[in-house]
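The structure under discussion appears below in the form of structure tokens.
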Amino acid sequence: MLDDHQIVIDGLKLLLNEKNNLAIVAESTSAQTMLQLLDKYKADILITDIMMPEMDGYELSIQVRKKFPQIKILALSMSEEGGMITNMIEEVKVDGYIQKACGKQELLNAITSIINGTPYFSAQVKEQYETYKKLKTENKDLNLTNRELQIIECITRHLSNKDIANKLFISERTVETHRKNIYRKTNTKGVATLVQFVKTHKLLP
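If you count the sequence shown from 1, you need to add 265 to reach my numbering.
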């Protein structure tokens, strides 16, 4: 079990310890430490957050797939961004993805389903995944990257470069570079014209 907030881990432990057929063999707030623990302990499922400092859940999951292919991966995250969900499903090929806002029963359903060999994705995750794929196909000619689409979504919410950087765990300079590329690709001059472009071309749901 991996999350950068110990309080989340503690809450999940209380919830899962109620089930006698489930045992938590390792926990950590650090992705690097978790890799070491997985090498030491036998685990069937890794429950991991996505947005974390140092090494995010996406990069960790890629490494787990290479080093421990037998371990199933369940993403439990606050992130509902279509780009991240798509990366986790298509590139990492996670076995499940649900939201932290889910209830106890859905978490247990996800774990049970994955143990039985059936992937589990919440309704909200599947909706975001399908919507993102559709939008990506429709706007392929714009050649916008997944990260640029994520930043466009943040811009339309009027987040500052600093806010976007904190949200996506990248530097403000990187955000500014993405902004310039986005304006160039969409032939827009600023936030107002970009927002109108997004509405006209239905770039976001």
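We put the CB at the ideal spot given by N, CA and C, even for glycine.
Taking the CB atoms as reference points, tell me whether residue i and residue j lie closer together than 8 Å.
| i | j | result |
| --- | --- | --- |
| Tyr394 | Ile354 | yes |
| Ser342 | Lys307 | no |
| Thr453 | Asn411 | no |
| Ile315 | Ala340 | yes |
| Ile417 | Leu469 | yes |
| Val390 | Ile363 | yes |
Can you tell which of the options has the C-alpha that lies nearest to the C-alpha of residue i?
| i | options | result |
| --- | --- | --- |
| His466 | Ala457, Lys398 and Thr451 | Thr451 |
| Ala430 | Met317, Lys337 and Ala366 | Met317 |
| Leu311 | Asp269, Ile376, Leu279 and Thr351 | Ile376 |
| Ala388 | Ile380, Leu372, Asn411 and Lys337 | Leu372 |
| Gly368 | Leu267, Ile272 and Leu277 | Leu277 |
| Lys284 | Gln370, Glu356, Gln461 and Gln301 | Gln370 |
| Leu407 | Thr313, Tyr448, Leu424 and Gly382 | Tyr448 |
| Asn286 | Glu319, Leu459 and Ile380 | Ile380 |
My assumption, with CB atoms under 8 Å, is that residue i sits in contact with residue j. Please give the rounded CB distance.
| i | j | result |
| --- | --- | --- |
| Leu433 | Gln415 | 6 Å |
| Phe386 | Gly348 | With a Cβ gap of about 16 Å, Phe386 and Gly348 do not count as contacting. |
| Lys332 | Asp309 | Contact doesn't hold; Cβ gap of about 15 Å is too wide. |
| Asn446 | Glu437 | Between Glu437 and Asn446 the Cβ distance is about 15 Å, and since that is not below 8 Å, they are no contact. |
| Glu292 | Ile272 | Not a contact, Cβ separation roughly 12 Å. |
From residue i to residue j, what distance separates their C-alpha atoms?
| i | j | result |
| --- | --- | --- |
| Gln335 | Ala457 | 48 Å |
| Ser326 | Thr402 | 26 Å |
| Glu413 | Asp304 | 35 Å |
| Lys464 | Val359 | 32 Å |
| Val233 | Thr298 | With the chain covering only 266 through 470, there is no way to say anything about residue 233. |
| Val440 | Leu409 | 14 Å |
| Asp269 | Asn282 | 20 Å |
| Thr294 | Leu267 | 6 Å |
Please state whether DSSP places residue i in a helix, a strand or coil.
| i | result |
| --- | --- |
| Leu341 | strand |
| Thr383 | coil |
| Tyr448 | helix |
| Thr294 | coil |
| Tyr362 | strand |
| Ile417 | helix |
| Thr410 | coil |
| Ile310 | strand |
| Leu469 | coil |
| Leu267 | strand |
| Ile272 | helix |
| Ala503 | The chain is shown only over 266 to 470; residue 503 falls outside these bounds and no answer can be derived. |
Below 7 Å, is the gap between the Cβ of residue i and the nearest heavy atom of the ligand SAH?
| i | result |
| --- | --- |
| Arg449 | The ligand SAH is not part of the structure shown, which contains no ligands of any sort. |
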